[in-house]
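Trainee:
Residue numbers (this note's numbering): 2 to 133.
(1) Going by DSSP in three states, residue 92 sits in which element: helix, strand or coil?
(2) Measure the Cβ-Cβ separation of residue 83 and residue 111 and say whether it is below 9 Å.
(3) According to DSSP, simplified to helix, strand and coil, what is residue 50?
(4) What number of angstroms, rounded off, separates the C-alpha of residue 124 from the C-alpha of residue 107?
(5) Between residue 41 and residue 33, is the Cβ-Cβ spacing less than 9 Å?
(6) Does the region 66 to 79 touch the region 112 to 123, meaning 3 or more C-beta pairs lie closer than 8 Å?
(7) Should residue 79 and residue 115 be called a contact, given that it needs their Cβ atoms to be closer than 9 Å?
(8) Return the CA-CA distance between residue 76 and residue 39, expressed in angstroms with no decimal places.
(9) Taking C-alpha atoms, which residue in 67, 57, 86, 35 lies nearest to residue 104?
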């Protein structure tokens, strides 16, 4: 008798396996990333390589935007700083009456700051490294 009950359980198990329905696999029911991966797979494209290229392109775009902002910032700071120094030098004899030592210090630090900012900006923009 034990064989009859085991045969019944095996039959029920096989029937339950037959009742399993496959999941829907249409692209419209999948999330967008899975759909994109499936489409690339169907076309024979490597999904990882495609994703890496998309991320690299996005990084290039972000770096370009940041470099433009940095260049604009440096240009603004240098222009403002030079304008202030020129105004101080122009009105020194009539308004400020700064001593020669103060003027020398002002011109020296201004020159060092401008050259430093320009060096930093140019070194970042034209770093000579490949960004692959």
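Backbone N, C-alpha and C fix where the C-beta goes; we use that ideal spot for every residue, glycine too.
Mentor: Reading it off the structure:
(1) Within the chain shown, numbered from 1, the residue matching residue 92 stands at position 91. Residue state, collapsed to three classes: coil.
(2) As a first step, residue 83 must be located in the chain shown, where it is residue number 82. As a first step, residue 111 must be located in the chain shown, where it is residue number 110. Result yes, Cβ atoms of residue 83 and residue 111 sit closer than 9 Å.
(3) Counting from 1 along the chain shown, the entry for residue 50 is found at position 49. Looking at residue 50 - three-state DSSP - the assignment turns out to be helix.
(4) Numbered from its first residue, the chain shown carries residue 124 at position 123. Numbered from its first residue, the chain shown carries residue 107 at position 106. Answer to the nearest angstrom: the Cα atoms are 25 Å apart.
(5) Taking the chain shown and counting its residues from 1, the one referred to as residue 41 is at position 40. Taking the chain shown and counting its residues from 1, the one referred to as residue 33 is at position 32. Not in contact: residue 41 and residue 33 (Cβ atoms no closer than 9 Å).
(6) Touching, yes, given that three or more Cβ pairs across the two stretches are closer than 8 Å.
(7) Stepping through the chain shown from its first residue, residue 79 is reached at position 78. Stepping through the chain shown from its first residue, residue 115 is reached at position 114. Contact: yes.
(8) The sequence position of residue 76 within the chain shown is 75, counting from 1. The sequence position of residue 39 within the chain shown is 38, counting from 1. Distance between the alpha carbons of residue 76 and residue 39: 48 Å.
(9) The count along the chain shown starts at 1 and reaches residue 104 at position 103. Minimum Cα distance to residue 104 is reached at 86.
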